[in-house]
Each structure stands twice: as structure tokens, then as C-alpha cells.
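Top line first, the protein sequences correspond to chains A and B. Numbering follows this note's numbering, with no gaps: position 316 of the first sequence is 316. Numbering follows this note's numbering, with no gaps: position 200 of the second sequence is 532. A short write-up of the structure that comes next.
There are 2 protein chains.
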Amino acid sequence: MKYIQLSHGGGGEETNDLISDLFYKYFNNEILLKAEDAAVLEVENKIAFTTDSFTVSPIFFKGGNIGKLAIAGTVNDLAMMGAKPLYLSSSFIIEEGFSFSELETIVISMRDELAKSGAKIVCGDTKVVPKGSLDQIFINTTGIGELKSTEISAHNIKEGDSILISRDLGRHGATILAAREGIELVSDLGSDCETLWPAVEALVEAKLNVKAFRDATRGGLAAVLNEWAQSSEVCIEINENLLPICDEVKGICEILGFDAYDFANEGTFIIAVAAEDEEKALEVLKRFDFSSNAVCIGTVSSERPKKVILHSPWGSRRYLELPKGELLPRIC
Amino acid sequence: MKYIQLSHGGGGEETNDLISDLFYKYFNNEILLKAEDAAVLEVENKIAFTTDSFTVSPIFFKGGNIGKLAIAGTVNDLAMMGAKPLYLSSSFIIEEGFSFSELETIVISMRDELAKSGAKIVCGDTKVVPKGSLDQIFINTTGIGELKSTEISAHNIKEGDSILISRDLGRHGATILAAREGIELVSDLGSDCETLWPAVEALVEAKLNVKAFRDATRGGLAAVLNEWAQSSEVCIEINENLLPICDEVKGICEILGFDAYDFANEGTFIIAVAAEDEEKALEVLKRFDFSSNAVCIGTVSSERPKKVILHSPWGSRRYLELPKGELLPRIC
Numbered sequence: 001m002k003y004i005q006l007s008h009g010g011g012g013e014e015t016n017d018l019i020s021d022l023f024y025k026y027f028n029n030e031i032l033l034k035a036e037d038a039a040v041l042e043v044e045n046k047i048a049f050t051t052d053s054f055t056v057s058p059i060f061f062k063g064g065n066i067g068k069l070a071i072a073g074t075v076n077d078l079a080m081m082g083a084k085p086l087y088l089s090s091s092f093i094i095e096e097g098f099s100f101s102e103l104e105t106i107v108i109s110m111r112d113e114l115a116k117s118g119a120k121i122v123c124g125d126t127k128v129v130p131k132g133s134l135d136q137i138f139i140n141t142t143g144i145g146e147l148k149s150t151e152i153s154a155h156n157i158k159e160g161d162s163i164l165i166s167r168d169l170g171r172h173g174a175t176i177l178a179a180r181e182g183i184e185l186v187s188d189l190g191s192d193c194e195t196l197w198p199a200v201e202a203l204v205e206a207k208l209n210v211k212a213f214r215d216a217t218r219g220g221l222a223a224v225l226n227e228w229a230q231s232s233e234v235c236i237e238i239n240e241n242l243l244p245i246c247d248e249v250k251g252i253c254e255i256l257g258f259d260a261y262d263f264a265n266e267g268t269f270i271i272a273v274a275a276e277d278e279e280k281a282l283e284v285l286k287r288f289d290f291s292s293n294a295v296c297i298g299t300v301s302s303e304r305p306k307k308v309i310l311h312s313p314w315g316s317r318r319y320l321e322l323p324k325g326e327l328l329p330r331i332c
Numbered sequence: 333m334k335y336i337q338l339s340h341g342g343g344g345e346e347t348n349d350l351i352s353d354l355f356y357k358y359f360n361n362e363i364l365l366k367a368e369d370a371a372v373l374e375v376e377n378k379i380a381f382t383t384d385s386f387t388v389s390p391i392f393f394k395g396g397n398i399g400k401l402a403i404a405g406t407v408n409d410l411a412m413m414g415a416k417p418l419y420l421s422s423s424f425i426i427e428e429g430f431s432f433s434e435l436e437t438i439v440i441s442m443r444d445e446l447a448k449s450g451a452k453i454v455c456g457d458t459k460v461v462p463k464g465s466l467d468q469i470f471i472n473t474t475g476i477g478e479l480k481s482t483e484i485s486a487h488n489i490k491e492g493d494s495i496l497i498s499r500d501l502g503r504h505g506a507t508i509l510a511a512r513e514g515i516e517l518v519s520d521l522g523s524d525c526e527t528l529w530p531a532v533e534a535l536v537e538a539k540l541n542v543k544a545f546r547d548a549t550r551g552g553l554a555a556v557l558n559e560w561a562q563s564s565e566v567c568i569e570i571n572e573n574l575l576p577i578c579d580e581v582k583g584i585c586e587i588l589g590f591d592a593y594d595f596a597n598e599g600t601f602i603i604a605v606a607a608e609d610e611e612k613a614l615e616v617l618k619r620f621d622f623s624s625n626a627v628c629i630g631t632v633s634s635e636r637p638k639k640v641i642l643h644s645p646w647g648s649r650r651y652l653e654l655p656k657g658e659l660l661p662r663i664c
């Protein structure tokens, strides 16, 4: 089996072979193996439920690939609700002629990324479409998590809260853009793509007064902060000076005329926390490699409710608006 | 908004507009409106969890469209486990330039189909990809249902059980094939696409000794019966004479050289039931329009374990094999 053929998606013998040789092999778990038309799960209490389709191009990029992203993305959406990721579905739509070995690489990345949160893939679907009706491969993952805190919500942010960011901004967007534009960087700029649950779990277990979590994916930091300002009817004031952005990301933004605040991230999250727990939250975040440079970037006020204000290093201020227009297609 | 643009999938202002004007408008429910990165659900006991991506072409066909199919397909996968469909996610991947009014028609069909089972869409995702990277629109739906019976499984079928079919075979496959080949039929042949939960619920509530349900989707009747014969290590003997296939489907199979047993159905299910409850099960099925012609097509024996035997009207017999080879791409 060197290339994926239409028959691998037909529901007959070849589909069964693909499932055994690839999905059962790497996603191997009792629930998946027993699943018939659906998997049977036992869950307790309240659950979180989220879905995401991944269409990123190129499918392999520095720091990850579409498979790693498909797991981290959905697991992170659960984590951002304070929910422990438990069960995922995975649905592949594959273009006829796609390389089996590339598909295997993607599936292995998914397995490795699942291990970081302990979530399991328990059901799936595979469609193969004729050459030309899809560019390479799209993956949908849908996840179920167990809510560990019911206090976390974009509606709970109050005046005086601190706004933290787990790491430097804009890496995923800049990496994909550089790959597409053929910009060769001498540096090791790569996507921040990562499963955030370990840090979120530690923050929840530390019983800090966390108000909200949000990973800054499509729409970037600008989208998250505007949504929070709207939902909680507060003003969020950010100190531009404190925003961590690496030189490579700054350079790509300058060359191509983008704003790093709008760039998608895939392993970077924003935390709204009561001011008295700010230091403790930063201590917890610094325990993890992917958030070892976590920092406070601003505070919540009542200055201009529903608005995000950016304070420049030169004392000027401007609104940070919700991104508008074409942004970057197929970024995730 | 006449056409879907890349900015509708960018995560910024236009994405928010699309969500409000379309998805919130038609899928309107408290859980969806409150959902942030994930929806919060309360579920009890055991749940069933299933996913399916829909890539059907053409997207509008006689008897349905990709939206109706995306709801019926996932709801039916839950129903076939004896699970009451409760919550669905929906994820749209849309080609740039897709017509807004066609998207609205699809979404309205989804809403109408949801009403037949009472399931709700509680979370979603929208991606827009550049013209040419996808043919029109693909939809993933992933569903959660509450198990109403834990006795239903492809592993529970025993010698002596009766095999029933809810209606005539092959309509969905024949309809799509006819549309693609430009075969104009004077008749009203259309897809069987339908939500099966009402009939399944009635069968479960009647407390009949049902062993297994399965909708004969990709791979058709041949795939279902072979899977059952394998899983339960029994022989399934089918009387070809009793298999309901309408003249139009027979005609299309003859013209194009296909076998109706391999054709996908989207609202036709097979029931394995203890012989003593066969008549009662047929009575229940006949209460519903979409299964008013339900009929017994064979029995389970120990003749050739793991095999499906087809008895012809002329007394000959042959194995009905698992479909192999290319079948029909983008049938669902």
C-alpha cells in the first residue's frame, strides 16, 4: 500500500485493511477496537464538547504537521474550558493518490500528541475523494472532556484582574506564512503547536482564582482580548512593551505587512487571573517548557468597556481591534 | 453576503457575522449560544459517540442534500447503537466563492432533519479554503447519544434469529449515480436519506429481543451482513427473492454494471431479531412511512460460519462477498 486509493474509502475490504493497518495500529485502545457504529463511553458529571476541522497548508511545517495540530487544537479547546481531555473522534478526508507513508507519519504524530494529555481516539471515519476534489488531506477532530472547574468563562473577567500570556506571540502564523512565501530563515523559527493541558491542569489543581483561559488561534491575541472585553463588558489594557514577540516573527510581519497580534498561535494561551494570584500563576506556568517565559501583559479596567487598549512604549494609546478581512487562509 | 469569502473563515469580524447570521439563527439553542471554546453538556450514564465527514457529490440530489445527509447519517449511527441522539457538532469546510444562499438551504435542511430526532447542534467550526483546494463543501458531524439499550451489538446475533430490512435497497447509491451519469429517469427515484431514530426508538421501547441494528450505508447490505457474520461467527442466509429492490434501481444497476447489494443507502437499516419477535418488529416498523414496507429477508444459521449465503429464486446459492474495489467515491 503505497498510495491511498478510492477503494480505501469505499467501505469494503480495502477500507477495513486501512483501518487495521493504520488507525487500529497506532490509536490502539479497547474502546476504539470495540466500537461499532459508535464508541460506547462512560462519563461522569458535566462534559465539554468541541469540534475543529484542520486544513493547514503546507501539511508539514517546522514544529509540527496537520496531525499534531489536529490533536493539540482540539485538546486545547477542551483545556481552555478547564476540561480534562478524554475522548476524541478523528475523521480523515484524503485526496486519492496521497502517500501512505505521509499518512502514517501524520497518524504517528497524532498518537504522540495524544500521549501528552492522555486523551484517546475512540472512533473515526475515512473518506477518500477523487484527485482534484481536495488538496491533499483535511482532518476533523471532535473532543469530549471532563469539566474540572465550572468557574472558567469569558464572562467572568473583572476589573483589576491580570492578563497573562504563556509565551511569545505569532509563531504558528509566521511559520506557515514563511513556508508559503518561500522565505528561508537562518533561525530555528517553528510553530508553537503544542498540547497545553499539562499547564492548565497544574493551574486548576493549584486552585488559583483563574477567570478565563483562551488559546490565541485564528484571529490571534486580538480576537481573544476583544471577545473577552465584549463578553465580560470590561476594558482590557495591554502594555505593548511587555508583549513577547521574537525577532523572526517581527521580521516576517515587517516584510509582509502583517500584525503579530492577529497571527494564529497553536500552543500559546492567554490567562485572566485575579491580581492576587498573578505571581502564583506565573510560577506554575514557568514549570513547563512551553510556558517557561510566561509573562503578565496587562490588566483589566473600566476605562472603555468592551474595548481593548494598547499602550505603546512611547506613551500613546490605540484600540486593538478585532481582526478584519482576509487574514491567512488554511492557517490551521 | 452573496458568496462565502476567505474572511468568513478567518476567525475575525466576518466569521462572527457568518456565525450569527446563519448558524446561531437556524441551530438556535441555549447550549450553542453559551458555548465558548467548547459546549458544556450534562449527560447521564453510558453514551455513544460517533463521527462522519460528508463529501457527497452532487451536493443537492433528489431526496436530499449534503446537509440533510450530514444530520441523518450521524444521528443514524447513534440510533444503530440503540442510543437516543442528543448533541451534535457540525464543522463546515467551504470553498471560497460558495453561494451563501446554497449554504443557507443546506443549513435549513440540517435544522429540519434535527427536528426528527430532537438532537441539537451545540458546537461548530467553519473553515473557508481558497478556490480550488476543495470541491464546494464538506461537512463533518460528530454526535453524542444516550444508550437506551446495552444489548444491541453486531456480536450478539445467534442461530435462528431473523434478518429484517426496513425498506427497498439501493436508492441512495442509484440516485447519486444517475445524477452523475446524467441519466434522466421519468420516475420519482430519490435517495432514501432519512433519520431512522423514530422507528428505532419504537423498537427499543417495545422491548423486543433485537440483537443488532445497522444502516446499510457505504458498502451497502453486503458490508453489513458480512460484518455481522464475522462478528457473531454465524452464517446469514438471505433469500434473494425476498430482497426488495425497485425497478429503477434494478435498471440503473443493469445499465452501469453495479450490484444493488453493494449500493449505499442512507435511510435503510437491517435488523437482527429473535425469531419469536419477528412479527412484532415488523408491526412496529410498518407504523413509520420510511419503513412501511419492512420485510424479513432471511435467517441466521450455522451452515457456513462467518459467511453470507444468497439463495437465488432458482434454487442455486452463492456467497455474498464483502464489496471490493472502487465502488462509488463521494457517495456520502
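Yeah, the Cβ is synthetic: ideal placement off N, Cα and C, and Gly gets one too. No experiment lies behind these values; they were computed from the predicted model shown.
Three-way DSSP call (helix, strand, coil) for residue i in this model
i, result
"Pro244(A)", "coil"
"Ala166(A)", "Here residue 166(A) turns out to be Ser, not Ala, going by the sequence shown. Here Ser166(A) sits in coil by DSSP."
"Ser89(A)", "strand"
"Thr50(A)", "strand"
"Leu322(A)", "coil"
"Arg317(A)", "strand"
"Leu466(B)", "strand"
"Asn348(B)", "helix"
"His643(B)", "strand"
"Phe61(A)", "strand"
"Thr600(B)", "coil"
"Lys416(B)", "strand"
"Val407(B)", "helix"
"Glu526(B)", "coil"
Member of the options whose CA lies at the smallest distance from the CA of residue i
i, options, result
"Val58(A)", "Asn76(A), Glu194(A) and Ile106(A)", "Rather than Val, the amino acid found at residue 58(A) in this sequence is Pro. Comparing Cα positions, the closest option is Ile106(A)."
"Ala404(B)", "Gly475(B), Gly341(B) and Gln337(B)", "Gly475(B)"
"Lys158(A)", "Glu276(A), Asn241(A), Gly67(A) and Ser7(A)", "Glu276(A)"
"Phe27(A)", "Ser292(A), Gly63(A) and Gly118(A)", "Gly118(A)"
"Ser232(A)", "Ser187(A), Glu321(A), Ser91(A) and Val308(A)", "Val308(A)"
"Ala411(B)", "Glu658(B), Ala613(B), Glu580(B) and Arg546(B)", "Arg546(B)"
"Asp384(B)", "Asn241(A), Asn140(A), Glu279(A) and Ile66(A)", "Asn140(A)"
"Ile66(A)", "Ile108(A), Asn239(A) and Asp247(A)", "Ile108(A)"
"Leu114(A)", "Val129(A), Phe98(A), Leu86(A) and Asn241(A)", "Leu86(A)"
"Cys664(B)", "Ser633(B), Gly599(B) and Ser648(B)", "Gly599(B)"
"Ala70(A)", "Ser301(A), Leu6(A), Gln5(A) and Cys193(A)", "Cys193(A)"
"Asp467(B)", "Lys448(B), Ile497(B) and Phe386(B)", "Phe386(B)"
"Ile165(A)", "Glu146(A), Leu189(A), Leu18(A) and Val224(A)", "Val224(A)"
"Tyr3(A)", "Leu18(A), Gly11(A) and Glu13(A)", "Leu18(A)"
Exposure label - residue i; buried when at least 16 CB within 10 Å
i, result
"Leu365(B)", "exposed"
"Pro637(B)", "exposed"
"Arg318(A)", "exposed"
"Pro655(B)", "buried"
"Arg287(A)", "exposed"
"Ile271(A)", "buried"
"Ala486(B)", "buried"
"Ala35(A)", "buried"
"Ile255(A)", "exposed"
"Ala281(A)", "buried"
"Lys400(B)", "buried"
Inter-residue Cα distance where the pair is residue i and residue j
i, j, result
"Ile245(A)", "Ile469(B)", "36 Å"
"Ser509(B)", "Gly583(B)", "Residue 509(B) is actually Leu in this sequence, not Ser. If you take the alpha carbons of Leu509(B) and Gly583(B), they lie about 12 Å apart."
"Asp125(A)", "Ala83(A)", "25 Å"
"His340(B)", "Lys131(A)", "26 Å"
"Glu569(B)", "Ser494(B)", "10 Å"
"Asp353(B)", "Leu553(B)", "41 Å"
"Asn408(B)", "Phe381(B)", "12 Å"
"Ala371(B)", "Lys127(A)", "27 Å"
"Gln230(A)", "Glu615(B)", "56 Å"
"Phe392(B)", "Gly63(A)", "40 Å"
"Val273(A)", "Gly325(A)", "31 Å"
"Phe432(B)", "Leu185(A)", "40 Å"
"Leu147(A)", "Met81(A)", "7 Å"
"Phe622(B)", "Asn488(B)", "26 Å"
What are the complete beta strand (DSSP E) segments, minimum 3 residues, inside the region 533-592 of chain B?
The qualifying runs are 542-547 and 567-571.
Going along the chain, which unbroken runs of the alpha helix (DSSP H) with 4 or more residues stay wholly within the region 605-641 of chain B?
610-617
In chain order, which alpha helix (DSSP H) runs of at least 4 residues are fully inside the region 431-465 of chain B?
Segments of the alpha helix (DSSP H) lying fully in the region 431-465 of chain B: 432-447.
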